[in-house]
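Student:
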Amino acid sequence: MTAWQEVASVAEAGGEMTVYAGAVQRALPPSVHTHTTLARGRVRLPYRVLGTLRTIALHDRIVARALPQLADQIDVIHTWPLAAMRTLETAKELGITTVIERPNAHTRFAYEVVARECERIGVALPADHEHAFNASKLRQEEAEYELGDYLLCPSEFVVKTFREQGFAPQRLLRHIYGYDERVYFPSSAERPPREGLNALFVGVCAVRKGLHFALEAWLRSPASERGTFRIAGAFIPEYEQKLAPMLAHPSVQALGHRTDVPELMRDSDVLMLPSIEEGFGLVCTEAIGSGCVPLVSDACTELCVHEQDSLVHTVGDVNALAEHLTLLHENPDRLAEMRAACLQAAPSLTWSAAGRRLLDAYEQAISSEGDRKNTAPESVLSGK
1 MTAWQEVASV
11 AEAGGEMTVY
21 AGAVQRALPP
31 SVHTHTTLAR
41 GRVRLPYRVL
51 GTLRTIALHD
61 RIVARALPQL
71 ADQIDVIHTW
81 PLAAMRTLET
91 AKELGITTVI
101 ERPNAHTRFA
111 YEVVARECER
121 IGVALPADHE
131 HAFNASKLRQ
141 EEAEYELGDY
151 LLCPSEFVVK
161 TFREQGFAPQ
171 RLLRHIYGYD
181 ERVYFPSSAE
191 RPPREGLNAL
201 FVGVCAVRKG
211 LHFALEAWLR
221 SPASERGTFR
231 IAGAFIPEYE
241 QKLAPMLAHP
251 SVQALGHRTD
261 VPELMRDSDV
271 LMLPSIEEGF
281 GLVCTEAIGS
291 GCVPLVSDAC
301 TELCVHEQDS
311 LVHTVGDVNA
321 LAEHLTLLHE
331 NPDRLAEMRA
341 ACLQAAPSLT
351 WSAAGRRLLD
361 AYEQAISSEG
371 DRKNTAPESV
381 LSGK
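Counted the way this note's numbering counts, the sequence shown spans residues 1 to 384.
1) Would you mind giving the Cβ-Cβ distance between S275 and K209, rounded to the nearest angstrom? I have them listed as a contact below 8 Å.
2) Quick check: I288 and L349, are their CB atoms within less than 8 Å of each other?
3) What three-state label does DSSP hand N374 in the structure shown?
4) Can you tell me the Cα-Cα spacing of E93 and A299, whole angstroms?
5) Out of L243, D149, V283 and E277, point me to the one whose CA is closest to V261's CA.
6) Just reading off the beta strand (DSSP E) that A232 is part of, what are its end residues?
7) Can you tell me whether DSSP reads S290 as helix, strand or coil?
8) Buried or exposed: which applies to A354, given that a residue is buried once 16 or more other Cβ atoms fall within 10 Å of its Cβ?
9) According to DSSP, simplified to helix, strand and coil, what is V202?
10) Grab the span of the beta strand (DSSP E) containing M272 for me, first residue to last.
11) Leaving out the 5 sequence neighbours to the left and right, which residues in its chain are closer than 6 Å to A143 when beta-carbon positions are compared?
12) With DSSP run on the structure shown, which of helix, strand or coil describes I62?
13) For A214, which residues in the same chain have their Cβ closer than 6 Å to its Cβ, ignoring the five residues on either side in sequence?
14) Can you grab the Cα-Cα spacing for the pair G316 / E117, in whole Å?
15) Is it a yes or a no for the stretch 109-128 touching the stretch 81-90, going by three-plus beta-carbon pairs under 8 Å?
16) Between the Cα of H385 and the Cα atoms of E141, A115, Q140 and G122, which residue gives the shortest distance?
17) Taking the continuous alpha helix (DSSP H) assigned at A11, which residues delimit it?
18) Is the beta carbon of L28 less than 8 Å from the beta carbon of V43?
19) For the alpha helix (DSSP H) containing C300, list its first residue and its last residue.
20) For a minimum of 3 consecutive residues, which ranges assigned as the beta strand (DSSP E) are wholly contained in the stretch 303-365?
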């Protein structure tokens, strides 16, 4: 979804886009030149046939072979992690500028911080979990980091994790993610007075998302006496077992995986996302667009502005999060003010705005690499 929105929004902003993707689930704008590497018509190669890594490696080889014929048409190549080693090598040989999407923090940092928190609370990740340490994936991603000219970072938190790993600041380009205002929008009906605060968590219920912090804070706050905390997302089984006593509280509702998240956001007062590490936290901007005030950790996007449209706490600071819940529980006027601030900020956080920011990042990459054509860049997006 993120890659699709990036392509569509950059095209809307005036960039000429050529896309090489394994498959395209939803038609892109007519101006986008689209090539599928792992699909023909309605038939696609399932990842399970060869395994995910082998399948995206096949995609990578196909894109790399196509590049020499396209070299004089391309200004910048935008790749995604684990899917671009040969593409990056070929681009370097051809002298084409490359940028690598970083949808999350530096992978080494993410592995380490999640492992520490799992050990602290006594939860083991499944071996195939995306944040369980995988030396092979880490080697490949770090090799890609070195091959690419620039890394596209959607938040200052991501930038910080790469700088701490020794990356030069000039290689770290900033952009943002957005939200679809046609899907996430406030309710048109006036909200009736509530007896208590209506809080929401959206995401995979895993240690890195900090749901245990949210539950601890909720139960420490008087908001839990009359309010409701709804959790929309599937659990890692061992994590769910660990949290069972808190999940059993009568104010807590574990909803499981949901397809009605926009409606849940429109019906909620606050969104809690106390992540211990994050790339951006798409649900933050989606909540803002829905008029649902984010209560988030400082690992989330800095587009959540503390005491304006959001309340931000330091990672792991349960007391601060509990205080934020109590503040809005006891001060409905303050909640209304922050909700109004969300709706005022929302137009600057859409995917259209994100597309203009990404196009600026492409142009910055091109200009930093030397004199090139003084036109809107054409981009090849090499996705999984």
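For each residue, glycine too, the CB sits at the ideal point set by N, CA and C.
Tutor: Let's see:
1) For this step, residue 275 is matched to residue 275 along the sequence shown. For this step, residue 209 is matched to residue 209 along the sequence shown. Right, the Cβ-Cβ distance comes to about 5 Å (below 8 Å), so this counts as a contact.
2) Numbered from its first residue, the sequence shown carries residue 288 at position 288. Numbered from its first residue, the sequence shown carries residue 349 at position 349. The criterion of a C-beta distance shorter than 8 Å is satisfied by I288 and L349.
3) Residue numbering aside, residue 374 sits at position 374 when the sequence shown is read from its first letter. Since pLDDT at N374 reaches only 49, below the 50 mark, its modelled position is unreliable, and the value read off the structure follows with that caveat. Of the three classes helix, strand and coil, the one that applies to N374 here is coil, per DSSP.
4) For this step, residue 93 is matched to residue 93 along the sequence shown. For this step, residue 299 is matched to residue 299 along the sequence shown. Distance between the alpha carbons of E93 and A299 is about 37 Å.
5) Numbered from 1 along the sequence shown, position 261 holds the residue referred to as residue 261. It is V283.
6) For the purposes of this step, residue 232 is identified with residue 232 of the sequence shown, where counting begins at 1. Start and end: T228 to A232.
7) As a position in the sequence shown, residue 290 is number 290, starting the count at 1. Three-state result, S290: helix.
8) As a first step, residue 354 must be located in the sequence shown, where it is residue number 354. With 16 or more other Cβ atoms within 10 Å, it is buried.
9) Here residue 202 refers to the residue found at position 202 when the sequence shown is read from its first residue. The answer is strand: DSSP assigns V202 an E or B state.
10) The count along the sequence shown starts at 1 and reaches residue 272 at position 272. M272 -> beta strand (DSSP E) spans V270 to L273.
11) As a working mapping, residue 143 is identified with position 143 in the sequence shown. Nothing listed; no residue qualifies.
12) Position 62 of the sequence shown, counted from the start, is the residue given in the question as residue 62. Three-state DSSP puts I62 in a helix.
13) As a working mapping, residue 214 is identified with position 214 in the sequence shown. If we look at A214 and ignore the five residues flanking it on each side, its Cβ neighbours are F201, M272 and P274.
14) For the purposes of this step, residue 316 is identified with residue 316 of the sequence shown, where counting begins at 1. For the purposes of this step, residue 117 is identified with residue 117 of the sequence shown, where counting begins at 1. Cα to Cα, the separation comes out at about 10 Å.
15) no
16) Summary: the structure shown does not reach residue 385, with the chain confined to residues 1 through 384, and so no result is reported for it.
17) Taking the sequence shown and counting its residues from 1, the one referred to as residue 11 is at position 11. Judged by DSSP secondary structure, A11 falls within the alpha helix (DSSP H) whose first and last residues are T2 to E12.
18) Stepping through the sequence shown from its first residue, residue 28 is reached at position 28. Stepping through the sequence shown from its first residue, residue 43 is reached at position 43. Not in contact: L28 and V43 (Cβ atoms no closer than 8 Å).
19) One-based indexing of the sequence shown puts residue 300 at position 300. From DSSP, C300 is part of no alpha helix (DSSP H); its letter is neither H nor E.
20) If we require 3 residues or more, the beta strand (DSSP E) runs fully inside the stretch 303-365 come out as 311-313.
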